[in-house]
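Counting in UniProt numbering, the sequence shown runs from 1 upward without gaps.
Glycine included, C-beta positions come from ideal geometry on N, C-alpha and C.
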Amino acid sequence: MSTATVTVVGMTCGHCVSSVREEVGTIDGVTSVDVDLASGRVVIDSAEPVDRDVIKGAVHEAGYRLAD
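Following this line, the structure appears as C-alpha cells:
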C-alpha cells in the first residue's frame with residue numbers, strides 16, 4: 001500500500017472535486033482518492049507508488065493543475 005498527497009489548484013466547487021476524484025481514480029492501482037476542496041489537498045491510496053507525472057496528467061485531464 002502506498003499513499004501520495006498532492007495539492008490541486010483551481011477547484012471551486014463539488015463538481016471540481018468529483019472531476020478530480022474521477023480522473024485520478026482511473027489511474028492503474030489507485031484504490032481511493034480523497035479530495036479536500038478548501039485546501040486543494042488530494043490524498044491518493046494505491047497498491048504501488050504512483051508516479052507524480054501520472055497524477056499530474058490525470059489532474060490536467062480533469063481541467064486543473066498541481067501546485068508547484
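Between which two residues does the beta strand (DSSP E) holding V6 run?
S2 to V9
For V30, report the span of its beta strand (DSSP E) as first-last.
V30 to V35
Among C13, M1, T12 and G25, which one has its Cα closest to the Cα of V59?
G25
Could you tell me the distance, in whole angstroms, from the CA atom of A47 to the CA atom of V30?
6 Å
Exposed or buried, what is V43 when buried is set at 16 or more other beta-carbons lying within 10 Å of its beta-carbon?
exposed
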